[in-house]
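In UniProt numbering, the protein residues as written are 1 to 227.
Just so you know, even glycine gets a beta-carbon here, dropped at the ideal spot from N, CA and C.
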């Protein structure tokens, strides 16, 4: 009888340890931080249990640029916690998560860097020297050169040319210039150029990292005509 009691005690301890380990591993965390030209940034935190269901009763705090604790609200229609807040322009964003689904409070440190100014165009001309920035039209049969001032290290720039209905040309680069090949655009057409600068940390697909921290800012758009 005594042996049986000892076995039961050991089984209880082992089961308790396993439950503790399972509880620590049950919660899945994904964090998305987004900044644009506005002063505020958006912080979103997705919490899931081991079955993929949203954890709805957590307390989540984000530390803002004034070192104040901001509580994230749960959006019951989208199943994530979120907050618009003022974050530091660069550095690490600290997030604390407390939930009954995990035994210990979790502290996350996520890098973030806000792009402060849009890409400023310095060259927008065809290979004959006709410049949009001088109010001239460019030839669709020439290469069109576009260059802009850097928005900082490790930025990715997406250059888009749009007409009234569609995006007719799109190119992404980490350089500060591109060349649109001759005959890419049509003759005697009205277009609009938009350059979007983006900088991110983590993984947008949440596969390698459980966070994505992204800052993006777009030029106001420049209208131009081809001839």
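query                                                                                                                : result
Whole-number beta carbon distance between residue 224 and residue 205, since they are thought to touch under 8 Å     : With 8 Å as the limit, residue 205 and residue 224 do not qualify as a contact, their Cβ atoms being about 35 Å apart.
Distance between residue 199 and residue 72 (C-alpha atoms, nearest Å)                                               : 24 Å
Burial state of residue 166, where buried means 16 or more other Cβ atoms lie within 10 Å                            : exposed
Neighbour-count burial assignment, residue 202, 16 or more Cβ in a 10 Å radius                                       : buried
Sequence-distant residues of the same chain with beta carbon closer than 6 Å to residue 95, five excluded per side   : 62 and 108
At least three beta-carbon pairs within less than 8 Å, the stretch 163-178 to the stretch 124-137                    : no
Inside the stretch 148-174 only - beta strand (DSSP E) runs reaching at least 3 residues                             : 156-162 and 167-173
Close Cβ partners of residue 92 (< 7 Å) along its chain, the five nearest in sequence each way excluded              : 109, 110 and 111
Cβ-based burial, residue 164 [other Cβ within 10 Å; buried from 16]                                                  : exposed
Which listed residue (222, 33 and 39) has its alpha carbon closest to that of residue 137                            : 222
Beta bridge counterpart(s) of residue 73 as assigned by DSSP                                                         : 82
N-terminal and C-terminal residue of the beta strand (DSSP E) that residue 59 is part of                             : 59-63
Separation of residue 140 from residue 88, as counted between CA atoms                                               : 44 Å
Own chain partners of residue 154 with C-beta closer than 8 Å, once the 5 adjacent residues on each side are dropped : 174 and 199
Assigned exposure category for residue 81 - 16 Cβ within 10 Å defines buried                                         : buried
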